[in-house]
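**Student:** Mapped onto the working numbering, the consecutive letters of the sequence shown carry residue numbers 18 to 271.
All C-beta atoms, glycine included, are put in the ideal place defined by N, C-alpha and C.
These figures come from a predicted structure and were not determined experimentally.
Supplied in structure tokens, the structure appears directly below.
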Amino acid sequence: MKFLLKQAIFALSFMAVSTTAFASDPHWLYDEQAEWGEITDKTVTVKPPYPYAECSLGQKQSPVDLGTAKAVSSMNLLQPKYLEEPLVISNNGHTVKVNAKAGNLMIGSEKYDLLQYHIHAPSEHVINGKTYPLEIHFVHGTPDGKLAVLGVFAEEGKVNIEFQKILAHSPNDVKDVSVAGVTINPNKLLPIVKSKFFLYAGSLTTPPCSEGVNWYVLKTPIQLSKTQIADFEKFYADNARHDQPLNGRQVLNK
Ligand SMILES: [Zn+2]
């Protein structure tokens, strides 16, 4: 009953603000994440009735605690080749997301196109239980459907000018905005120094929690000012999935 009511309220409020594609997916909330796998889709009669079942049945879910990582001496190099491009930003009801059309991440010799990047507060990945105030996910894909996400932690420190553009232009309502005359350079949301990283096999951290996602989480955080962190939290203060069991997976680090 609780879900029915919340879904009905969401559907009504949603129709008022947006006609975008999100409306077809059953609604979910971070404060009900233990039940994501049991959310039912009332709008279709086809099986399975639980479109987000992988969130509870999956054995390779994300995020995880990276604290158990085992060091390895050789691993594919990560080389972000991101490009400055016009700012297209959306608030999708779960996060603030910047859409990307250009730029890619080289993982060894394989090229992954940058699709979008978005923000969680606090961080989703933890290290021996420790969270960072914020984590940015750069989502990449290959033409044949492989996914890789680069995670970048943010700690409190200096102002990041590029991040300020995201704060300044994020819509308050659920919608996409092309910001006239403003460009953003995702390279400036990465650590200045070449960072070591964690690697493991995981999933999307939001419903439908699909597995087959390779995660690369940088060890070196970027800095954002205390005000910037607080300003992001005015949009989303707790849009982080809790860490999931490793179920025998190894986290590697380099
Ligand atoms: Zn994410």
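State the CB to CB distance for the pair residue 243 and residue 173, rounded to an integer number of angstroms; the pair is presumed to be in contact (CB under 8 Å).
**Tutor:** Contact holds; Cβ gap of about 5 Å.
**Student:** Is any heavy atom in ligand 1 found nearer than 7 Å to the beta carbon of residue 277?
**Tutor:** What is shown of the chain runs 18 to 271, which leaves residue 277 out entirely.
**Student:** I need the straight-line Cα distance from residue 202 to residue 97, nearest angstrom please.
**Tutor:** So the alpha carbons of these two residues sit roughly 12 Å apart.
**Student:** By the 10 Å Cβ neighbour count, where 16 or more other Cβ atoms means buried, how is residue 38 classified, buried or exposed?
**Tutor:** Interpretation of residue 38 is limited by its pLDDT of 36, a score under 50 that renders its predicted location unreliable; no figure is taken from the coordinates.
**Student:** Is DSSP giving residue 54 helix, strand or coil here?
**Tutor:** It is helical.
**Student:** What is the DSSP secondary structure of residue 185, reduced to helix, strand or coil?
**Tutor:** Helix.
**Student:** Per DSSP, residue 173 is paired with what?
**Tutor:** In DSSP, residue 173 forms a bridge with 241.
**Student:** Is any heavy atom of ligand 1 found at a distance shorter than 7 Å from the C-beta of residue 137?
**Tutor:** Checking the Cβ of residue 137 against ligand 1 gives yes.
**Student:** Can you find a heavy atom of ligand 1 that lies under 7 Å from the Cβ of residue 222?
**Tutor:** Yes, the Cβ of residue 222 comes within 7 Å of a heavy atom of ligand 1.
**Student:** Short check: CB of residue 260 to CB of residue 143, under 8 Å?
**Tutor:** It is a contact, given that the beta carbons lie within the stated cut-off.
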